[in-house]
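The UniProt record's numbering numbers the first residue of the sequence shown as 1 and each following residue consecutively. Each residue gets a CB set at the ideal place from its N, CA and C atoms; glycine is no exception. Here is the structure we will look at, set down as structure tokens.
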Amino acid sequence: MATKVKENEEAEVEREGAADGPLLDLSDDAVKKMIKLAKKRGYVTMDELNAVLPSEEVTSEQIEDTMSMLSDMGINVVEDDEQDNDREDNSDDDSEEGGDLVESGGTAVATTTTKKEPTDRTDDPVRMYLREMGSVELLSREGEIAIAKRIEAGRETMIAGLCESPLTFQAIIIWRDQLNDSNILLREIIDLETTYAGPEAKQAPVIERVEEEKPRDDKPQRRSRDDDDITNVGGDMPVEEEEEDEDEANLSLAAMEAELRPQVMETLDLIADTYKKLRKLQDQQVEGRLAATGELSSSQERRYKELKDQLIKAVKSLSLNQNRIEQLVEQLYDINKRLVQNEGKLLRLAESFGVRREEFLKEYQGHELDPKWVERVSTLSARGWKEFAAKEERTIDRLRSEIQMLATETAISIGEFRR
């Protein structure tokens with residue numbers, strides 16, 4: 001019984017040793033041939049490597065060891081399609097090394113004796129990973145910089161689009177009031193690290209950094225006293241270190257907030273004051289279109305654009321938290337969804353009376369807030385307009401009232417919101 005158990009243990013050790021050993025059996029003839037040819041060419045293809053790998057499952061560590069071993073030999077692992085021509089040039093050498101000369105009609109013919117295994121397709125996830133890994137090009141430094149620039153440009157475009165909506169400025173003013181009332185933290189409004197590292201951020205004073213390091217000097221002393229206690233064994237040290245790291249992170253965030261708060265509050269106050277002036281012009285614009293009294297004057301338009309540019313510049317300097325940006329985007333998506341639904345209902349209603357889509361859009365766009373729109377389209381001579389205005393007047397008024405409510409909610413015209 002004991003002998004059998006010992007034999008089983010030895011067999012298990014042998015299996016474990018085999019599992020941890022190299023994938024390639026250097027004593028195998030096929031492996032020798034592959035390595036010899038690879039050293040001569042300087043590379044080995046994925047198909048050739050897969051052909052000599054063992055059929056049983058292998059671990060990622062074994063694969064890495066094999067790749068490292070081949071690299072030490074000066075052999076690169078490449079995709080087979082990159083070296084088709086080289087393999088054709090070396091086909092004669094392959095025949096000499098892996099075949100026998102057979103007399104056929106007085107002519108020596110090279111015949112390959114090595115049995116080929118189909119390697120074009122495999123279900124082994126490890127081999128599939130090896131194949132894909134060899135075909136993926138790593139991202140260069142220039143590529144990383146280009147992607148980072150595109151991400152930043154996309155963020156700038158998104159912020160500029162959000163600033164087209166007065167709802168963005170209203171939300172920022174609400175966040176400022178919540179920050180003043182200590183209902184939210186500064187880190188919930190802006191990205192602390194981006195703002196702190198910005199060109200306008202101040203350098204952290206050396207004195208403050210020394211003061212932050214003092215608690216760390218006391219804690220190791222207290223921990224050393226705990227080590228003298230025989231009962232302090234095991235997991236106390238890692239827990240204390242983890243809590244210490246959390247305290248340091250919280251301290252650094254609090255220090256960053258304390259330093260950035262005056263600058264951010266100044267920007268938020270500027271946004272609130274500027275938007276208050278802009279809102280008066282926006283209300284005049286919407287009320288004028290609802291009452292059909294006309295647009296803003298040229299001087300008011302210039303003032304409108306000037307205030308808007310100031311707000312956009314101030315918002316971009318804030319480096320808003322990504323969660324806050326997503327909230328603003330979701331809010332605009334919701335309003336746009338309601339607008340599209342009401343306009344779609346109005347369009348389908350007109351088409352049911354034979355009004356062509358192109359004609360409807362021509363008469364509708366630019367006149368979304370015209371209070372006399374129904375009266376105007378009822379006089380059109382094109383097909384369907386008169387019946388549409390006469391029979392569906394109440395439905396038209398209801399849908400257009402909901403659209404006008406959206407314009408009042410956003411404080412801008414529908415055409416400007418759609419843009």
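- I190 has L320 as its beta-bridge partners, per DSSP.
- The three-state reading of DSSP puts V44 in strand, counting E and B together.
- In the three-state scheme derived from DSSP, where H, G and I count as helix and E and B as strand, N183 is classed as coil.
- Burial state of R356 is exposed, judged by a 10 Å Cβ sphere holding fewer than 16 other Cβ atoms.
- Annotation for V78: no alpha helix (DSSP H) segment contains it, though the beta strand (DSSP E) segment containing it runs 76-78.
- The three-state reading of DSSP puts E164 in coil, since its state is none of H, G, I, E or B.
- E368 is a Cβ neighbour of I403, given a cutoff of 8 Å.
- In terms of Cβ geometry, V126 and I63 form a close pair [threshold 8 Å].
- Relative to E266, the option among G154, R176, R141, A171 whose CA is nearest is R176.
- By the criterion of a C-beta distance shorter than 6 Å, A350 is surrounded in its chain by F360, F388, once the five residues flanking it on both sides are discounted.
- Burial is judged here by how many other beta carbons sit within 10 angstroms of a residue's own beta carbon; V136 has fewer than 16 and is exposed.
- Pairwise C-beta distances place the stretch 259-273 in contact with the stretch 156-175, as three or more of them are shorter than 8 Å.
- When the alpha-carbon of E79 is set against those of N323, S68, Y43, the nearest one is in Y43.
- Taking all protein chains in view, the Cβ of Q282 is crowded by 16 or more other Cβ atoms within 10 Å, so the residue is classified as buried.
- The stretch 405-413 makes no contact with the stretch 373-386; the number of CB pairs closer than 8 Å stays below 3.
- Linking Q178 to E358 through their CA atoms gives a straight-line distance of about 48 Å.
- Within the model, the alpha-carbon separation for R324 versus D72 is close to 52 Å.
- Within a 10 Å sphere around the beta-carbon of T195 sit 16 or more other beta-carbons, which makes this residue buried.
- Separation of the CB atoms of V315 and C163 is rounded to 5 Å, and the pair is thereby assigned contact status at 8 Å.
- Linking N321 to P262 through their CA atoms gives a straight-line distance of about 18 Å.
- The residue among R279, K149, S317 with its C-alpha nearest the C-alpha of Y304 is R279.
- For the 8 Å CB-CB criterion, A197 and I312 do not form a contact.
- When only Cα atoms are considered, S297 and Q310 end up about 20 Å apart.
- For A38, the CB contacts under 7 Å within the same chain, skipping 5 residues up- and downstream, are V44, I75 in chain order.
- Cβ-Cβ distances below 7 Å link M46 to V77, E79, D80, L130, R131, G134 in the same chain, with the five nearest sequence neighbours on each side left out; the list follows chain order.
- Look at L53 here: in three-state DSSP terms it is coil, with no helix or strand label.
- Inter-residue distance for V31 and P54 is about 11 Å (C-alpha atoms, whole angstroms).
- Between D191 and S319, the C-beta gap is smaller than 8 Å, which places the two residues in contact.
- By alpha-carbon distance to Q327, the top candidate from I189, A51, R418, D181 is I189.
- Out of R338, N342, R187, the CA that lies nearest to the CA of D397 is found in N342.
- Contact between R383 and G354 holds, with the beta-carbon distance rounding to 5 Å and staying under 8 Å.
- As the crow flies, the alpha-carbon of K337 is around 18 Å from that of Y364.
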